[in-house]
Each structure stands twice: as structure tokens, then as C-alpha cells.
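One structure is given below, encoded as C-alpha cells.
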Amino acid sequence: MQLNTLTIKQASSLLAKKEITSIGLTKACLKRIKEVDGKIKACLTVCKKEALVEANIADERRAKGETGELLGIPYLAKDNILTRGVRATAASKILENYIAPYDATIIKKLKQAGAVLLGKTNLDEFAHGASTENSAFGPTHNPWDLTRAPGGSSGGSAAAAAADMCIFALGTDTGGSTRYPASFCGVVGLKPTYGRSSRFGLIAMTSSTDVPGTLTKTVADAAIVLSAMAGVDKNDATTVKSPLPLFVKGGIKGLTIGLPKEYFVDGTDKGVTQAVEKAIEDFKKLGVKFKSVSLPHTKYVVPVYYIITPSEVSSNLGRFDGIKYGLSASPQPSSSKGEGVSDLMSIYTKSRGQGFGSEAKRRIMLGTYALSAGYYDAYYLQAQKVRTKIKQEMDKVLEEVDCLLTPTAPHAAFKIGEQIQDPLKMYLEDIFVAGASLAGLPAISIPGGFDNGLPVGLQLIGKRFDEATLFRVGHNYEQATGWHKKKVEI
Ligand code: GLN
């Protein structure tokens with residue numbers, strides 16, 4: 002048995018029966034990373050020594066009678082999540098040598114549950130992107146086809162989970178960044194409700210939509226990790242006390258799923274449309290009813306997202322000034338010609354000029370423009386008003402149905418280098434995923450078949466704090482179709 006291929010559920014049951022150890026499981030994942038990550042490039046940091054120490058502690062805790070589904074389970078975390086004593090780069094040159102001084106709340110909670118941190122994964126710089134090509138450290142490759150992108154921005158985590166380098170991985174989702182790469186890599190990507198788990202210790206992108214999420218091999222595993230991460234945190238005032246349990250067993254007969262007609266449009270690849278149509282038939286066999294619904298403000302989702310996101314980004318990235326964190330264009334005495342970095346303003350501009358990649362700079366400029374005195378009302382304020390409409394409309398439609406079904410992405414994985422020179426094209430990739438982010442709703446991408454050998458994802462969007470229905474619907478579909486069982490060959 003290849004231990005690294007196990008799901009959380011399978012591994013924890015074997016650990017409980019003492020048939021395997023966390024040390025054995027952790028070693029199997031580290032071995033797999035060593036074997037394939039030279040080609041995939043999912044990891045930015047591997048904490049081999051620390052992981053083995055943590056695994057040993059987990060085995061001791063079990064030997065003393067402690068139990069728990071995450072006790073001894075190895076995982077990878079996206080590199081914009083702080084893990085104490087380990088480098089946290091956010092895939093930016095500006096944070097290349099930044100060591101996190103504390104654990105994010107979600108990491109602390111996973112530590113308490115006994116999960117074992119294997120390392121940190123690649124992303125688009127500061128999570129800006131949908132392909133992981135915006136990383137300052139080079140792109141991650143899709144394990145289904147190494148010439149293709151894994152999606153983004155949590156592309157390292159999605160690729161690592163798909164290639165069994167870990168038992169699960171953490172991502173963040175601001176406008177699709179767990180769901181979209183999950184779709185490209187054939188794994189499960191969860192974006193919980195905004196406020197379900199703490200953002201404390203995440204390197205902020207768009208604070209009003211950022212949420213920590215998961216990349217797992219099954220829907221049940223997503224529920225396990227979310228149960229451990231969820232909860233109120235005094236360090237994040239936007240966390241909300243929310244009812245558990247998160248995973249409800251049982252069938253889905255009699256449920257009604259909404260199909261928003263604006264999500265079934267020209268421009269989506271035939272293979273994706275066919276996969277969704279097939280899924281609808283499969284769901285019907287499980288006793289689900291479908292209802293056509295309408296979300297007319299969908300056409301504003303991408304424009305609104307790309308005003309609000311850069312606006313918040315321009316403010317959140319303000320802290321990287323060459324003084325407080327990371328890379329600094331160090332002060333030098335002025336030469337006789339007055340050159341050199343001798344004053345504060347030049348330290349700021351030089352450090353930021355050298356440290357940020359082109360997408361981060363683009364977003365800082367767009368956001369600064371949208372927030373500037375003369376344009377604030379026309380752009381930012383207007384976008385916020387339309388965002389409220391988008392949210393109200395989605396909430397209202399969700400009163401009529403149990404959840405919504407849509408494609409996650411308009412197509413399967415594209416080639417590395419194919420789209421990255423066209424930012425607008427990249428922004429349009431978010432068409433199906435950014436709506437749930439603006440509305441703060443929970444959403445999950447589950448494997449829904451293949452198009453020319455490449456995975457296709459289905460997205461389920463749920464009512465606020467009703468991840469349970471998404472898990473139930475997703476789990477039943479997954480068990481009926483078995484798409485998640487198909488493995489990469491690498
Ligand atoms: N593609 C989106 C963007 O570039 C998603 C980002 C995210 O969710 N972190 O903004």
C-alpha cells in the first residue's frame with residue numbers, strides 16, 4: 002500500500018487501528034515529494050526534520066490513548082499562511098526570506114488536532130492570479146499534464162494533493178483560488194462561508210473576501226479539515242459563531258438544485274458543458290430535482306471583483322515598504338551626483354519596485370486609481386453597491402433551492418504561458434467563482450469528469466453557513482460517480 006495515496010479518513014482509521022504510524026505516513030509523503038516535485042514544483046519549502054518530529058509526537062499522543070481524525074495526518078500549507086519559524090513568502094521576492102513569527106489561527110488549530118506540517122506550497126504572488134504563473138519562484142506544473150498550469154492561486158496545494166505528495170493541503174480563496182485549481186487538478190476545493198474560520202495569520206489579499214480553504218482528495222476529508230479549522234477567533238472580528246455539525250450523512254433524494262442560467266453561457270468549452278450535463282443526469286438518478294434560476298447581476302461579477310480586489314490589495318500591500326518586512330533596498334550614502342537610496346521615500350519606492358512582480362504592481366495601480374479622491378464614487382463606491390445587489394440576489398435565489406450547480410471553470414487546464422500575457426483574459430477566468438466570494442457564500446469544486454484526459458470541476462454554491470448541504474450533495478455524487486478515484490500517472 003502506498004501510504005501517501007490515502008485519504009484522511011482512510012489514514013486515520015489505519016492509525017487508530019495501529020496498522021500504520023504517523024512516522025510511516027509522513028515518510029511516504031516526503032518520499033513522494035522528493036520523487037515528483039522536481040517536475041511539478043508544488044513546494045516552496047519542505048520541513049522534513051520538523052515534520053518527522055511532529056509525526057513522532059503524534060504517534061506518542063496516540064500511544065497515550067488520544068484519538069482524532071487529524072492526529073498524525075501530514076499536510077502542506079499554501080505559502081501565504083503563517084507557520085511559526087518557517088519561511089512565508091507569499092511567492093513574492095519581497096518576502097523571500099521572511100520567517101513567520103507566529104502560527105495562523107488555523108495552523109494552531111491543526112497543530113492542536115495533531116496534523117503534521119510537511120511544508121509550504123507555491124501560489125501566484127500574494128494569491129493574485131488563476132494559474133500559479135505569477136509566482137516569483139516560477140510556475141507549478143499540472144500533474145495531469147506537466148505542460149499545463151495547475152490553476153491558481155492555490156496551484157501548489159492543488160497539484161500536491163492531486164499527486165499525493167500530502168494527505169491534504171490548505172489553500173486560501175479570495176475569488177476562486179481553492180475551487181479553480183481544484184477543478185484543473187481533479188481534487189476537491191472548498192471555500193467556506195466568509196467568517197467560518199479565522200483569517201488571522203493569512204497574508205491579506207482582499208480582506209473582505211479572503212477565506213482559508215482546503216484541497217482534499219474527497220468531500221468527506223474537506224469536512225474533517227473544516228471542522229478542525231472553524232470557529233470564532235478573538236483575533237479576527239469577522240469570525241462568526243456558527244452551528245456545527247458540518248458533515249451531514251444521508252442521501253440527497255428530494256433535494257432541489259438550482260441551475261443559474263447566466264452560468265451556462267457561450268464561451269464555455271464543450272467538454273465542460275457536457276460534463277455538467279452528464280452530472281445533472283447522474284444527480285437525477287440520485288433523486289435530485291433541478292430548477293432553472295436567474296442571477297441577472299452575474300455579468301457584473303468580474304468587473305466588480307476587479308475593482309474591489311485591487312482596491313483592498315493596494316491598501317493591504319502598503320505594509321510592504323522595505324522597512325517593516327522582507328526585502329529592503331538598504332540605505333546607502335548619496336554619491337556626489339546625489340544617487341543612492343538615502344531617504345525614506347527612495348527606500349519605499351526602490352524596495353517595492355524590486356520586490357513586487359508585475360501583477361502585484363498592476364493591482365496596486367488599479368486599486369490606487371479606484372480609491373483616489375476623484376474616482377472613488379464612480380468606481381469603488383459603485384462597485385460596493387453592485388456587490389450588495391449580487392449578494393442579495395444570490396441569497397434570494399438560495400431561498401428557493403438547496404444549493405446551486407455550475408461549472409467551476411470555463412475549460413480544463415490551459416498550457417503554461419498560453420494566457421499569462423493577457424491580464425484581462427486571466428481575470429475572465431474567475432467568471433464562475435468570484436460571485437460566491439463577493440457574496441461570502443460557501444462553495445465547493447468537486448471532480449466532475451474529464452475533457453480530453455484533463456479533469457473538469459463542478460461547483461456547488463450553498464446558503465450562508467450551510468457547508469453541510471454542499472458536503473452531503475458532493476459526497477453522494479462523488480460516491481456515485483467515482484471520478485475522484487482516477488489518479489495521475491507521474
Ligand atoms: N483569480 C482570482 C484573482 O486573481 C483569484 C484570487 C484568489 O482567490 N486568491 O484575484
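Per the working numbering, the sequence shown starts with residue 2, numbered consecutively.
Virtual Cβ for every residue (Gly too), placed ideally from N, Cα, C.
Tell whether a beta-carbon distance below 9 angstroms holds between residue i and residue j.
{"i": "residue 159", "j": "residue 218", "result": "no"}
{"i": "residue 135", "j": "residue 42", "result": "no"}
{"i": "residue 87", "j": "residue 120", "result": "yes"}
{"i": "residue 52", "j": "residue 117", "result": "yes"}
{"i": "residue 157", "j": "residue 180", "result": "no"}
{"i": "residue 199", "j": "residue 308", "result": "no"}
{"i": "residue 91", "j": "residue 100", "result": "no"}
{"i": "residue 298", "j": "residue 387", "result": "yes"}
{"i": "residue 155", "j": "residue 361", "result": "no"}
{"i": "residue 406", "j": "residue 287", "result": "no"}
{"i": "residue 133", "j": "residue 125", "result": "yes"}
{"i": "residue 231", "j": "residue 197", "result": "yes"}
{"i": "residue 137", "j": "residue 358", "result": "yes"}
{"i": "residue 392", "j": "residue 441", "result": "yes"}
{"i": "residue 424", "j": "residue 268", "result": "no"}
{"i": "residue 225", "j": "residue 26", "result": "no"}
{"i": "residue 284", "j": "residue 76", "result": "no"}
Applying the criterion that 16 or more other CB atoms from any shown protein chain within 10 Å of the CB defines a buried residue, is residue i buried or exposed?
{"i": "residue 13", "result": "buried"}
{"i": "residue 2", "result": "exposed"}
{"i": "residue 149", "result": "buried"}
{"i": "residue 389", "result": "exposed"}
{"i": "residue 282", "result": "exposed"}
{"i": "residue 460", "result": "buried"}
{"i": "residue 339", "result": "For residue 339, the predicted structure reports a pLDDT of 49, less than 50, and the residue's modelled location is therefore unreliable. A value from the coordinates is still provided. So residue 339 counts as exposed."}
{"i": "residue 166", "result": "buried"}
{"i": "residue 98", "result": "exposed"}
{"i": "residue 184", "result": "buried"}
{"i": "residue 33", "result": "buried"}
{"i": "residue 293", "result": "exposed"}
{"i": "residue 68", "result": "exposed"}
CB-CB under 6 angstroms to residue i, same chain, minus the five flanking residues each way: which ones, in chain order?
{"i": "residue 469", "result": "247, 249"}
{"i": "residue 430", "result": "131"}
{"i": "residue 187", "result": "163, 448, 456"}
{"i": "residue 29", "result": "4, 5"}
{"i": "residue 144", "result": "41, 160, 163, 164, 489, 491"}
{"i": "residue 322", "result": "349"}
{"i": "residue 380", "result": "308, 371"}
{"i": "residue 378", "result": "none"}
So residue i is in the beta strand (DSSP E); what residue range does that whole segment cover?
{"i": "residue 76", "result": "75–79"}
{"i": "residue 44", "result": "44–47"}
{"i": "residue 452", "result": "444–452"}
{"i": "residue 510", "result": "This structure does not reach residue 510, given that the chain is present from 2 up to 491, and the question cannot be answered."}
{"i": "residue 66", "result": "Counting along the chain, residue 66 falls outside any beta strand (DSSP E), and DSSP gives it neither H nor E."}
{"i": "residue 40", "result": "Not the beta strand (DSSP E): residue 40 falls in the alpha helix (DSSP H), residues 23–41."}
{"i": "residue 457", "result": "455–463"}
Once the 5 residues before and after residue i are set aside, which same chain residues still bring their CB inside 8 angstroms of it?
{"i": "residue 206", "result": "81, 127, 128, 129, 173, 175, 310, 313, 314, 317"}
{"i": "residue 385", "result": "309"}
{"i": "residue 10", "result": "70, 219, 221, 222, 225"}
Could you give the residue range of the alpha helix (DSSP H) that holds residue i?
{"i": "residue 311", "result": "302–317"}
{"i": "residue 11", "result": "9–17"}
{"i": "residue 275", "result": "271–286"}
{"i": "residue 188", "result": "No alpha helix (DSSP H) contains residue 188, which DSSP labels as neither H nor E."}
{"i": "residue 351", "result": "345–356"}
Taking 9 angstroms as the CB-CB cut-off, is residue i touching chain B?
{"i": "residue 260", "result": "The question asks about chain B, but that chain is absent: this structure has only one protein chain."}
Below 7 angstroms CB to CB, which residues in the same chain sit around residue i once its five sequence neighbours on both sides are set aside?
{"i": "residue 437", "result": "192, 444, 462"}
{"i": "residue 60", "result": "22, 23, 24, 73"}
{"i": "residue 450", "result": "276, 279, 457, 484"}
{"i": "residue 49", "result": "31"}
{"i": "residue 272", "result": "413, 452, 453, 457"}
{"i": "residue 57", "result": "24"}
Entirely enclosed beta strand (DSSP E) segments - the stretch 363–411, minimum 3 residues: 404–408
message: Going residue by residue through the stretch 86–139, where are the continuous alpha helix (DSSP H) segments of at least 4 residues, counting only ones entirely within it?
response: 106–114
message: Quick check for students: name the residue ranges of the alpha helix (DSSP H) that lie wholly in the stretch 188–265, counting only runs of 4 or more.
response: 220–230
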